[in-house]
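In what follows, a single structure is set out as C-alpha coordinates and then discussed.
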Amino acid sequence: MTSTTNAAPNPESTAAAPSQNFTPEGQPPPAKERHPLPEGKVRYHNSADWQWLSDSTTVVPGVKVYNKAAGTECSAGFFGRAKGRDFMITAGHCGDQGDDIYGRNEYGEQAFLGRVVESEFTLNKKDWALVDVSRSEAVWRSTPPFTASLVGYLTVDQMDEVRPQICRLGWRTGLSCGDYRKGFSELMFEAHAPADHGDSGGPAFAIIEDKLYAAGFVSSGSDYEPDRETFASIAPVLEHFDITLYS
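Spelled out as C-alpha coordinates, the structure:
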(Lines of atoms letter the chains of each structure in order from A and count residues from 1; the text may use other names and numbers.)
(Lines give C-alpha, C1' and ligand atoms only; values in the text may rest on other atoms or scores of the structure.)
Protein backbone atom coordinates (compact mmCIF):
# COMPACT_ATOMS: atom_id res chain seq x y z
CA MET A 1 0.00 0.00 0.00
CA THR A 2 1.09 3.57 -0.58
CA SER A 3 0.83 6.77 1.41
CA THR A 4 0.87 10.44 0.49
CA THR A 5 0.95 13.47 2.74
CA ASN A 6 -0.64 16.08 0.51
CA ALA A 7 -3.99 14.56 -0.43
CA ALA A 8 -5.55 14.45 3.04
CA PRO A 9 -5.64 16.72 6.10
CA ASN A 10 -2.41 18.28 7.36
CA PRO A 11 -0.48 15.36 8.88
CA GLU A 12 1.62 17.64 11.08
CA SER A 13 -1.25 18.31 13.47
CA THR A 14 -1.20 15.83 16.34
CA ALA A 15 -3.92 17.24 18.59
CA ALA A 16 -6.27 14.53 19.80
CA ALA A 17 -9.70 14.51 18.25
CA PRO A 18 -12.25 15.56 20.87
CA SER A 19 -14.42 12.85 22.39
CA GLN A 20 -17.80 14.37 21.76
CA ASN A 21 -21.23 13.52 20.42
CA PHE A 22 -21.10 15.07 16.96
CA THR A 23 -22.93 14.14 13.78
CA PRO A 24 -23.11 15.86 10.40
CA GLU A 25 -26.30 17.68 9.54
CA GLY A 26 -28.89 16.19 7.22
CA GLN A 27 -28.08 12.54 7.81
CA PRO A 28 -30.69 10.04 6.59
CA PRO A 29 -32.75 8.10 9.13
CA PRO A 30 -31.40 4.68 10.14
CA ALA A 31 -31.79 2.09 7.38
CA LYS A 32 -32.70 -0.53 9.98
CA GLU A 33 -33.64 -0.63 13.63
CA ARG A 34 -30.72 -0.16 15.97
CA HIS A 35 -29.75 -3.22 17.97
CA PRO A 36 -28.85 -3.55 21.66
CA LEU A 37 -25.43 -4.80 22.67
CA PRO A 38 -25.11 -8.24 24.28
CA GLU A 39 -25.59 -8.12 28.04
CA GLY A 40 -22.54 -8.52 30.22
CA LYS A 41 -18.90 -9.09 29.38
CA VAL A 42 -19.38 -12.25 27.35
CA ARG A 43 -18.18 -13.92 24.18
CA TYR A 44 -20.92 -13.49 21.62
CA HIS A 45 -21.68 -13.99 17.94
CA ASN A 46 -24.79 -13.19 15.90
CA SER A 47 -25.00 -13.12 12.11
CA ALA A 48 -28.75 -13.60 11.57
CA ASP A 49 -29.73 -10.09 12.69
CA TRP A 50 -27.07 -8.47 10.54
CA GLN A 51 -27.64 -9.94 7.09
CA TRP A 52 -28.92 -6.55 5.90
CA LEU A 53 -25.34 -5.23 6.07
CA SER A 54 -24.59 -7.05 2.81
CA ASP A 55 -27.11 -5.12 0.71
CA SER A 56 -27.95 -1.93 2.60
CA THR A 57 -28.60 1.14 0.45
CA THR A 58 -27.31 3.36 3.26
CA VAL A 59 -23.64 2.95 4.14
CA VAL A 60 -23.20 2.74 7.90
CA PRO A 61 -20.32 1.24 9.88
CA GLY A 62 -20.20 -2.48 8.99
CA VAL A 63 -22.02 -2.31 5.62
CA LYS A 64 -20.48 -3.98 2.56
CA VAL A 65 -18.41 -1.64 0.38
CA TYR A 66 -16.67 -2.37 -2.91
CA ASN A 67 -13.27 -1.61 -4.41
CA LYS A 68 -13.78 -1.93 -8.17
CA ALA A 69 -10.11 -1.59 -9.08
CA ALA A 70 -9.06 -4.44 -6.80
CA GLY A 71 -12.25 -6.47 -7.23
CA THR A 72 -12.57 -6.80 -3.45
CA GLU A 73 -15.20 -6.22 -0.78
CA CYS A 74 -14.70 -4.85 2.71
CA SER A 75 -16.87 -3.45 5.50
CA ALA A 76 -17.38 0.27 6.08
CA GLY A 77 -15.47 1.72 9.01
CA PHE A 78 -15.90 4.86 11.09
CA PHE A 79 -16.65 8.35 9.78
CA GLY A 80 -15.13 11.66 10.79
CA ARG A 81 -14.31 15.19 9.64
CA ALA A 82 -11.15 17.25 9.24
CA LYS A 83 -10.36 20.52 7.48
CA GLY A 84 -13.89 20.75 6.05
CA ARG A 85 -13.84 17.28 4.51
CA ASP A 86 -15.63 14.06 5.47
CA PHE A 87 -13.74 10.78 5.69
CA MET A 88 -14.37 7.10 6.24
CA ILE A 89 -11.55 5.54 8.25
CA THR A 90 -11.02 1.87 7.41
CA ALA A 91 -8.35 -0.78 6.82
CA GLY A 92 -5.44 0.04 4.51
CA HIS A 93 -5.51 -3.34 2.80
CA CYS A 94 -9.02 -2.48 1.56
CA GLY A 95 -7.67 0.06 -0.91
CA ASP A 96 -4.58 1.73 -2.34
CA GLN A 97 -4.29 5.48 -2.63
CA GLY A 98 -6.40 6.56 -5.62
CA ASP A 99 -8.82 3.61 -5.51
CA ASP A 100 -12.55 4.40 -5.66
CA ILE A 101 -14.85 2.81 -3.08
CA TYR A 102 -18.54 2.13 -3.74
CA GLY A 103 -21.70 1.45 -1.78
CA ARG A 104 -25.17 0.68 -3.15
CA ASN A 105 -28.00 3.00 -4.16
CA GLU A 106 -31.76 2.54 -3.79
CA TYR A 107 -31.85 0.50 -7.02
CA GLY A 108 -29.23 -1.95 -5.76
CA GLU A 109 -26.59 -0.57 -8.12
CA GLN A 110 -23.08 0.37 -7.06
CA ALA A 111 -22.78 4.06 -6.19
CA PHE A 112 -19.59 6.06 -5.65
CA LEU A 113 -18.81 6.48 -1.95
CA GLY A 114 -15.36 8.04 -2.02
CA ARG A 115 -11.72 7.88 -3.04
CA VAL A 116 -8.84 6.52 -0.98
CA VAL A 117 -6.52 9.47 -0.30
CA GLU A 118 -4.24 7.85 2.29
CA SER A 119 -3.37 4.19 2.77
CA GLU A 120 -0.80 2.25 4.80
CA PHE A 121 -0.55 -1.52 5.17
CA THR A 122 2.10 -3.83 6.59
CA LEU A 123 0.70 -7.09 7.96
CA ASN A 124 0.38 -7.01 11.76
CA LYS A 125 2.17 -3.65 11.94
CA LYS A 126 -0.09 -0.99 10.41
CA ASP A 127 -3.33 -1.09 8.44
CA TRP A 128 -5.37 2.06 7.88
CA ALA A 129 -6.85 4.14 5.09
CA LEU A 130 -8.75 7.39 4.68
CA VAL A 131 -11.55 7.48 2.12
CA ASP A 132 -12.68 11.01 1.22
CA VAL A 133 -16.49 10.80 1.14
CA SER A 134 -17.08 14.55 0.80
CA ARG A 135 -18.51 14.09 -2.70
CA SER A 136 -20.21 10.77 -2.12
CA GLU A 137 -23.06 9.76 -4.41
CA ALA A 138 -23.92 6.92 -2.04
CA VAL A 139 -26.02 7.71 1.03
CA TRP A 140 -24.02 7.28 4.23
CA ARG A 141 -24.74 7.62 7.91
CA SER A 142 -22.03 7.81 10.55
CA THR A 143 -24.05 6.51 13.50
CA PRO A 144 -23.32 2.86 14.38
CA PRO A 145 -26.47 0.68 14.25
CA PHE A 146 -26.68 0.15 18.01
CA THR A 147 -28.88 1.54 20.76
CA ALA A 148 -25.75 2.48 22.73
CA SER A 149 -24.06 5.78 21.96
CA LEU A 150 -20.59 6.27 20.48
CA VAL A 151 -18.98 8.72 22.90
CA GLY A 152 -15.30 8.79 21.93
CA TYR A 153 -12.30 6.58 21.24
CA LEU A 154 -9.59 4.73 23.17
CA THR A 155 -5.87 4.29 22.55
CA VAL A 156 -4.15 0.92 22.83
CA ASP A 157 -2.54 2.04 26.11
CA GLN A 158 -5.96 2.88 27.54
CA MET A 159 -7.35 -0.50 26.48
CA ASP A 160 -4.34 -2.27 28.00
CA GLU A 161 -5.27 -0.59 31.28
CA VAL A 162 -9.06 -1.05 31.37
CA ARG A 163 -9.24 -4.30 29.30
CA PRO A 164 -12.73 -3.68 27.89
CA GLN A 165 -14.98 -6.00 25.99
CA ILE A 166 -14.44 -5.61 22.24
CA CYS A 167 -17.30 -5.92 19.74
CA ARG A 168 -16.73 -5.82 15.99
CA LEU A 169 -19.22 -5.56 13.12
CA GLY A 170 -19.04 -6.57 9.46
CA TRP A 171 -21.30 -7.73 6.64
CA ARG A 172 -19.74 -11.20 6.35
CA THR A 173 -20.16 -12.53 9.89
CA GLY A 174 -22.29 -9.89 11.63
CA LEU A 175 -21.52 -9.01 15.24
CA SER A 176 -18.98 -10.77 17.45
CA CYS A 177 -17.75 -9.75 20.89
CA GLY A 178 -15.12 -10.99 23.31
CA ASP A 179 -12.30 -10.14 25.67
CA TYR A 180 -9.61 -7.63 24.83
CA ARG A 181 -6.39 -9.66 24.65
CA LYS A 182 -3.39 -7.36 24.24
CA GLY A 183 -1.86 -4.51 22.31
CA PHE A 184 1.41 -5.19 20.56
CA SER A 185 2.09 -1.61 19.42
CA GLU A 186 0.27 1.71 19.51
CA LEU A 187 -1.09 0.76 16.07
CA MET A 188 -2.38 -2.80 16.57
CA PHE A 189 -4.17 -4.95 19.15
CA GLU A 190 -5.79 -8.37 19.52
CA ALA A 191 -9.16 -9.44 20.89
CA HIS A 192 -11.34 -12.54 21.05
CA ALA A 193 -13.83 -11.14 18.54
CA PRO A 194 -13.40 -13.24 15.38
CA ALA A 195 -14.10 -12.10 11.84
CA ASP A 196 -13.75 -13.47 8.31
CA HIS A 197 -12.89 -12.30 4.81
CA GLY A 198 -15.15 -9.36 3.92
CA ASP A 199 -15.28 -8.06 7.49
CA SER A 200 -11.97 -6.24 6.97
CA GLY A 201 -12.17 -2.53 7.69
CA GLY A 202 -15.33 -2.92 9.75
CA PRO A 203 -15.50 -1.13 13.10
CA ALA A 204 -14.33 -2.47 16.44
CA PHE A 205 -15.77 -0.94 19.59
CA ALA A 206 -14.63 -0.98 23.20
CA ILE A 207 -17.64 -1.38 25.51
CA ILE A 208 -17.48 0.34 28.89
CA GLU A 209 -20.61 0.76 31.03
CA ASP A 210 -22.90 0.33 28.01
CA LYS A 211 -21.12 3.06 26.07
CA LEU A 212 -19.29 2.63 22.77
CA TYR A 213 -15.75 3.82 22.22
CA ALA A 214 -14.13 3.55 18.81
CA ALA A 215 -11.23 1.11 19.17
CA GLY A 216 -10.20 0.31 15.59
CA PHE A 217 -11.10 -1.85 12.63
CA VAL A 218 -10.69 -5.45 11.49
CA SER A 219 -7.26 -6.17 10.05
CA SER A 220 -6.39 -9.88 10.00
CA GLY A 221 -6.91 -13.29 11.56
CA SER A 222 -5.65 -16.86 11.38
CA ASP A 223 -7.39 -20.02 10.18
CA TYR A 224 -5.62 -21.84 13.03
CA GLU A 225 -6.71 -19.44 15.79
CA PRO A 226 -10.27 -18.57 14.74
CA ASP A 227 -11.23 -17.09 18.11
CA ARG A 228 -8.60 -14.35 17.87
CA GLU A 229 -8.55 -11.32 15.61
CA THR A 230 -6.01 -8.59 14.96
CA PHE A 231 -7.27 -5.02 14.77
CA ALA A 232 -5.74 -1.73 13.68
CA SER A 233 -6.12 1.02 16.26
CA ILE A 234 -8.05 4.10 15.17
CA ALA A 235 -6.54 6.51 17.72
CA PRO A 236 -3.23 7.20 15.92
CA VAL A 237 -5.08 8.00 12.69
CA LEU A 238 -7.52 10.38 14.38
CA GLU A 239 -4.73 12.14 16.24
CA HIS A 240 -2.27 12.27 13.33
CA PHE A 241 -4.77 13.90 10.98
CA ASP A 242 -6.72 15.83 13.66
CA ILE A 243 -9.95 14.09 12.66
CA THR A 244 -13.08 14.65 14.73
CA LEU A 245 -14.92 11.36 14.99
CA TYR A 246 -18.59 11.44 14.07
CA SER A 247 -20.94 9.61 16.42
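Everything in the sequence shown is counted per our numbering, starting at 2 for the first residue and increasing by one.
Even glycine gets a Cβ: it sits at the ideal position worked out from N, Cα and C.
I believe T91 touches A112 by the beta-carbon criterion, under 8 Å. Please report the beta-carbon distance rounded to the nearest angstrom. The Cβ separation is near 17 Å, so there is no contact.
Which of the three DSSP states, helix, strand or coil, is assigned to F232? strand
E162: first and last residue of the uninterrupted alpha helix (DSSP H) it sits in: 157–163
Excluding the 5 residues flanking S150 on each side, which residues of the same chain have their C-beta closer than 8 Å to its C-beta? N22, K212, L213, S248
For the region 104–165, list the alpha helix (DSSP H) runs that are entirely contained and at least 4 residues long, ordered along the chain. 157–163
For Q166, does the count of other Cβ atoms within 10 angstroms reach 16, so buried, or fall short, so exposed? Per the 10 Å Cβ criterion, buried.
Taking C-alpha atoms, which residue in Q159, S137, D101, S177 lies nearest to P37? Of all alpha-carbon atoms in Q159, S137, D101, S177, the one lying nearest the alpha-carbon of P37 is that of S177.
I'd like the span of the beta strand (DSSP E) that includes H193, first residue to last. The continuous stretches of beta strand (DSSP E) do not include H193, and DSSP gives it neither H nor E.
Grouping DSSP H, G and I as helix and E and B as strand, with all else coil, what is G96? Coil.
Rounded to a whole number of angstroms, what is the C-alpha to C-alpha distance between G175 and G96? 22 Å
Beta-carbon contacts of E138 that lie in its chain and below 7 Å, excluding the five residues immediately before and after: A112, F113
CA-CA distance, R164 and A192? Between the C-alpha atoms of R164 and A192 there is a straight-line separation of about 10 Å.
How many Å lie between S234 and E187 at the Cα? 7 Å
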